[in-house]
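Asker: Protein chains in written order, with the numbering used here: chain A, 5 to 541; chain B, 418 to 691.
C-beta: ideal position from N, C-alpha, C; glycine also.
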């Protein structure tokens with residue numbers, strides 16, 4: 005808790021900006037959804053035959069998983085792309101249904117005799133709606149708005165994955181750093197925001213009820229409005245227009261590299277905006293093409309296979325040349341490589357590797373072909389001493405076979421599990437579990453899985469007592485880290501281009517792993533880790 | 418000869434594909450109270466709703482002040498016809514005062530006139546304005562709601578009043594009170610002068626009323642004429658005394674035990690009480 009307070013205190017300016025972005029996202033999307041949902045609801049309540057298709061469509065939209073919806077929207081013109089606009093579209097889609105539903109329910113709940121009386125008294129259809137049906141349906145509509153806002157505050161955290169900012173930035177950053185404090189720094193304000201927004205709308209609903217015009221609700225509303233205004237003002241004052249936008253994918257090393265690019269460019273006197281923690285490769289790439297970001301660090305092997313759909317290769321120079329040409333065709337410049345190769349690493353617990361004498365992936369493949377006596381020791385977070393002591397009588401009390409867990413990308417990519425299995429003749433008794441890349445190292449250390457594929461430069465490898473099995477058949481292609489930038493932007497900011505070039509060959513694998521460890525293991529701020537790296541003699 | 422307040426000329430109507438009224442012809446003279454009686458489904462409510470165009474006839478014409486409802490602007494027509502339903506139909510989100518003020522405000526009366534009218538109407542139906550002005554409908558008893566509903570229906574001085582089972586939900590004692598109240602209001606509150614009527618009839622007479630009820634005693638107590646509906650047709654239309662004297666079993670069956678209790682008939686004759 006103290007850590008959380010300290011984190012909030014040290015990040016308060018940024019936090020106000022994120023909170024402001026979050027409030028704007030939710031408020032704007034709910035307002036748009038109300039502008040769509042309420043008239044549609046009135047229409048559907050008026051014509052029951054229209055009600056079914058309208059509600060059906062809204063229902064359908066609601067069933068699309070949020071991350072998938074963001075994914076669908078990114079390549080679309082007008083509504084798509086990366087950043088606030090796309091997030092607004094997605095959040096609006098989700099907010100329409102509860103508002104639409106509650107409008108229909110509210111209007112249909114008005115007693116028919118009351119409506120008939122209003123008509124019989126000579127009210128025009130518009131007057132019946134405004135003077136009788138609307139006030140009687142309002143409590144239901146307000147409850148729909150409350151549901152929409154609470155859903156919106158939650159869903160808006162995911163908007164961070166497409167660079168819309170908001171409190172989700174902390175949640176994704178915290179997940180990447182495996183740091184509960186940072187996750188809480190996003191999750192807790194989001195939860196409080198949801199409660200506050202719900203209370204504010206409840207108070208507004210009470211105000212709208214002519215029966216209970218209690219003054220204290222005015223006070224609650226005024227306080228909430230003041231808070232919203234304050235966060236908006238704070239968000240506005242700290243958010244100037246930057247020259248360049250730096251992106252990164254959503255894991256620690258990417259955040260560090262994003263910070264590295266940002267800081268060298270800032271040191272050249274050019275302002276940058278950080279859009280770190282974007283979703284995966286596809287989102288970062290789309291963001292670069294659409295101009296949502298101007299620069300991010302990519303890996304040559306990833307570009308080759310995941311973006312350009314070429315077969316993987318272990319030839320560093322050939323891969324770089326191919327990727328450079330393919331990127332040039334879409335207006336992207338590949339900057340000089342940073343100096344390290346972040347290939348995949350097959351990881352097991354250090355204790356298992358020692359006990360079973362495994363050093364290479366071939367050793368592992370051999371073990372997998374054997375039967376239960378070679379099962380891994382699933383001791384959660386076993387210290388080396390305990391493991392050593394347990395080794396002699398490592399009886400196969402655990403009869404379960406080797407359990408593998410992999411990230412989504414590794415399972416899908418051509419240079420991932422499929423190729424690896426073929427190259428080494430690997431086969432697992434049970435289907436590998438699909439896990440979030442950020443959680444995979446801890447799952448391995450905790451004994452939930454026994455083998456996984458991680459990043460060769462992950463700082464968690466040492467921090468959690470894991471071991472890299474050597475890729476003795478040279479299966480994994482090269483993944484040389486290299487910044488990719490929009491060519492037009494690099495022409496416009498030659499100083500920024502020069503600053504990025506100055507990083508050529510300056511980051512070794514050991515240095516990258518060290519920086520990753522400082523962030524993941526030592527919980528240091530990526531910005532200060534990068535600052536120390538750049539400032540070292 | 419003044420135009421009748423309402424005239425049904427050969428009117429047929431159906432609801433949901435079912436014929437409800439068959440070639441009904443009926444005249445409600447100015448200043449008279451006409452009770453429509455009959456069993457459930459006999460078409461009496463449908464007949465009432467044709468008057469203010471809540472429903473449209475399939476055939477024939479409904480004339481209000483000599484003019485077909487088809488040619489009336491429905492909004493203007495309805496604003497000069499008071500409407501009271503069972504349990505009053507007060508708007509739950511408005512105070513008693515605001516309920517009464519609805520039509521006057523639609524007619525853009527001045528604020529002072531509206532306020533004066535609210536108190537006048539509340540006093541007329543024996544509700545103390547000081548107490549009841551700011552009450553909400555759900556804070557009223559059944560009888561008070563019905564009084565407020567009557568006040569609302571009469572607020573804009575409509576020359577015609579439609580009442581659909583207005584006292585149906587009340588206990589016998591309250592119902593008797595309200596019957597007396599209604600008769601008193603009818604005496605006190607004369608229909609307004611209205612030069613715009615096509616008939617050019619002089620105002621100041623009694624208000625015309627169409628009352629739907631299944632309660633024969635109520636019809637006898639309040640109406641000048643009773644029209645008996647049976648399966649969509651008017652089978653009798655006459656003064657209460659003559660209708661009571663009918664030998665048509667479809668009519669007599671409606672009277673039931675009422676005929677066996679002469680004192681009820683006696684008491685139910687409105688003029689007999691004055």
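In angstroms, rounded to a whole number, what distance separates the CA positions of residue 403/A and residue 433/A?
Answerer: The sequence position of residue 403/A within the first chain is 399, counting from 1. The sequence position of residue 433/A within the first chain is 429, counting from 1. With a pLDDT of 37 at residue 403/A, under the threshold of 50, the modelled position of this residue cannot be trusted, and the question is left open.
Asker: Please list, in chain order, all residues of the same chain as residue 440/B whose beta carbon is under 6 Å from its beta carbon, the five residues on each side excluded.
Answerer: Position 23 of the second chain, counted from the start, is the residue given in the question as residue 440/B. Counting only Cβ-Cβ distances below 6 Å, and skipping sequence neighbours, we find 427, 429.
Asker: Would you tell me roughly how many angstroms separate the C-alpha atoms of residue 499/A and residue 506/A, rounded to the nearest one?
Answerer: Counting from one through the first chain, the residue named residue 499/A turns up at place 495. Counting from one through the first chain, the residue named residue 506/A turns up at place 502. Cα-Cα distance, rounded: 11 Å.
Asker: Give a yes or no on whether the C-beta atoms belonging to residue 49/A and residue 108/A are separated by under 7 Å.
Answerer: Your numbering for residue 49/A matches position 45 in the first chain. Your numbering for residue 108/A matches position 104 in the first chain. Taking 7 Å as the Cβ cut-off, residue 49/A and residue 108/A qualify as a contacting pair.
Asker: Assess contact between the stretch 516 to 530 of chain A and the stretch 283 to 300 of chain A, defined as three or more Cβ pairs (one per stretch) separated by less than 8 Å. Is contact present?
Answerer: Cβ pair count under 8 Å is below three, so no.
Asker: Got a sec: is the Cβ-Cβ distance from residue 664/B to anything in chain A below 7 Å?
Answerer: The sequence position of residue 664/B within the second chain is 247, counting from 1. False, the Cβ-Cβ gap to chain A never drops below 7 Å.
Asker: Less than 6 Å between C-beta atoms, sequence neighbours within five positions excluded: which residues of the same chain meet that for residue 74/A?
Answerer: For this step, residue 74/A is matched to residue 70 along the first chain. Excluding residues within five positions, the ones whose Cβ falls inside 6 Å are 94, 166.
Asker: What is the DSSP secondary structure of residue 515/B, reduced to helix, strand or coil?
Answerer: Numbered from 1 along the second chain, position 98 holds the residue referred to as residue 515/B. It is helical.
Asker: Counting only beta-carbon separations shorter than 7 Å, does residue 124/A have a partner in chain D?
Answerer: Here the protein chains are A and B, and chain D is not one of them.
Asker: Mind checking whether residue 309/A and residue 459/A have CB atoms under 7 Å apart?
Answerer: Within the first chain, the letter at position 305 stands for residue 309/A. Within the first chain, the letter at position 455 stands for residue 459/A. In this structure, residue 459/A does not lie closer than 7 Å to residue 309/A by Cβ.
Asker: State the DSSP-derived secondary structure class of residue 503/B, mapped to helix, strand or coil.
Answerer: The count along the second chain starts at 1 and reaches residue 503/B at position 86. If DSSP states are grouped into helix, strand and coil, residue 503/B belongs with coil.
Asker: Below 7 Å between beta carbons: does that hold for residue 64/A and residue 104/A?
Answerer: The sequence position of residue 64/A within the first chain is 60, counting from 1. The sequence position of residue 104/A within the first chain is 100, counting from 1. Their beta carbons are not under 7 Å apart, which means residue 64/A does not touch residue 104/A by this criterion.
Asker: Of all Cβ atoms in chain B, is any one closer than 7 Å to the Cβ of residue 116/A?
Answerer: Here residue 116/A refers to the residue found at position 112 when the first chain is read from its first residue. So no, residue 116/A is outside the interface.
Asker: Name the chain B residues whose beta carbon is nearer than 7 Å to that of residue 128/A?
Answerer: Here the question's residue 128/A lines up with position 124 in the first chain. By Cβ distance, chain B contributes 492.
Asker: Since residue 471/B meets chain A, which of its residues come closer than 7 Å, beta carbon to beta carbon?
Answerer: Translated into the one-based positions of the second chain, residue 471/B becomes position 54. Those within 7 Å of residue 471/B in chain A are 120, 123, 124.
Asker: Exposed or buried, what is residue 284/A when buried is set at 16 or more other beta-carbons lying within 10 Å of its beta-carbon?
Answerer: The residue you call residue 284/A lines up with position 280 of the first chain. When all chains shown are included, residue 284/A counts as buried.
Asker: Would you say residue 415/A lies against chain B (beta-carbon separation less than 7 Å)?
Answerer: For this step, residue 415/A is matched to residue 411 along the first chain. No, its Cβ sits nowhere closer than 7 Å to a Cβ of chain B.
Asker: So what's residue 346/A in DSSP terms, helix, strand or just coil?
Answerer: Counted from its first residue, the first chain places residue 346/A at position 342. In this structure, residue 346/A counts as coil in the three-state DSSP scheme.
Asker: Give a yes or no on whether 7 Å exceeds the smallest Cβ distance from residue 429/B to chain A.
Answerer: Taking the first residue of the second chain as position 1, residue 429/B is located at position 12. It does not: the Cβ of residue 429/B has no partner Cβ on chain A nearer than 7 Å.
Asker: Which residues bound the alpha helix (DSSP H) around residue 303/A?
Answerer: Your numbering for residue 303/A matches position 299 in the first chain. Counting along the chain, residue 303/A falls outside any alpha helix (DSSP H), though it belongs to the beta strand (DSSP E) covering 299 to 303.
Asker: Quick one, which residues of the stretch 35 to 57 of chain A are near chain B if we go by CB-CB under 8 Å, in chain order?
Answerer: Answer set for the stretch 35 to 57 of chain A: empty.
Asker: Using a C-beta cutoff of 7 Å, does residue 140/A count as contacting chain B?
Answerer: For this step, residue 140/A is matched to residue 136 along the first chain. Judged by the 7 Å Cβ criterion, residue 140/A is in contact with chain B.
Asker: So residue 423/B contacts chain A; which residues on that side make the cut at Cβ distance below 9 Å?
Answerer: As a first step, residue 423/B must be located in the second chain, where it is residue number 6. Near residue 423/B there are no residues of chain A at all, since even the closest Cβ is about 15 Å away, more than 9 Å.
Asker: Quick one: what does DSSP say residue 341/A is sitting in, helix, strand or coil?
Answerer: Locating residue 341/A in the first chain gives position 337, counting from the first residue. Of the three classes helix, strand and coil, the one that applies to residue 341/A here is coil, per DSSP.
Asker: With 7 Å as the threshold, decide whether the Cβ of residue 299/A is near any Cβ in chain B.
Answerer: What you label residue 299/A is simply residue 295 of the first chain in a count that begins at 1. Chain B, which has no Cβ nearer than 7 Å to the Cβ of residue 299/A, makes this no.
Asker: For residue 502/B, return the contacting residues in chain A, with the cut-off set at a CB-CB distance below 9 Å.
Answerer: On the second chain, position 85 is the one that residue 502/B refers to. Here the neighbours are 117, 120, 121, 124.
Asker: Could you tell me whether the Cβ of residue 629/B comes closer than 7 Å to any Cβ of chain A?
Answerer: By one-based count along the second chain, residue 629/B stands at place 212. Output row for residue 629/B: interface = no.
Asker: Roughly how many angstroms separate the alpha carbons of residue 286/A and residue 194/A, rounded to a whole number?
Answerer: Taking the first residue of the first chain as position 1, residue 286/A is located at position 282. Taking the first residue of the first chain as position 1, residue 194/A is located at position 190. The alpha-carbon atoms of residue 286/A and residue 194/A are separated by roughly 27 Å.
Asker: For residue 468/B and residue 643/B, which I take to be in contact (beta-carbon distance under 8 Å), what is that distance rounded to the nearest angstrom?
Answerer: The residue you call residue 468/B lines up with position 51 of the second chain. The residue you call residue 643/B lines up with position 226 of the second chain. Not confirmed; about 17 Å, so no contact.
Asker: Taking the alpha-carbon positions, what's the residue 265/A to residue 29/A distance?
Answerer: To locate residue 265/A, count along the first chain from 1; it is residue 261. To locate residue 29/A, count along the first chain from 1; it is residue 25. About 28 Å.
Asker: Which residues in chain B have a C-beta closer than 9 Å to the C-beta of residue 493/A? List them in chain order.
Answerer: In the first chain, residue 493/A corresponds to position 489, counting from 1. Correct list: empty, because the minimum Cβ distance to chain B is about 59 Å.
Asker: Would you mind working out which of 307/A, 462/A, 124/A, 369/A sits nearest residue 481/A, comparing C-alpha positions?
Answerer: Reading the first chain from its first residue, position 477 is the one you call residue 481/A. When only C-alpha atoms are compared, the closest one is 307/A.
Asker: Tell me the DSSP secondary structure of residue 147/A in three-state form.
Answerer: Here the question's residue 147/A lines up with position 143 in the first chain. Helix.
Asker: Which full runs of the alpha helix (DSSP H) of 4+ residues lie inside the stretch 31 to 76 of chain A, going along the chain?
Answerer: Counting only runs of 4 or more, we get 52 to 67.
Asker: Would you please verify whether the beta carbon of residue 136/A is less than 7 Å from any beta carbon of chain B?
Answerer: On the first chain, residue 136/A is found 132 positions in, with the first residue counted as 1. Closer than 7 Å to some Cβ of chain B, the Cβ of residue 136/A qualifies, so yes.
Asker: DSSP three-state label for residue 594/B, please.
Answerer: On the second chain, position 177 is the one that residue 594/B refers to. Here residue 594/B sits in helix by DSSP.
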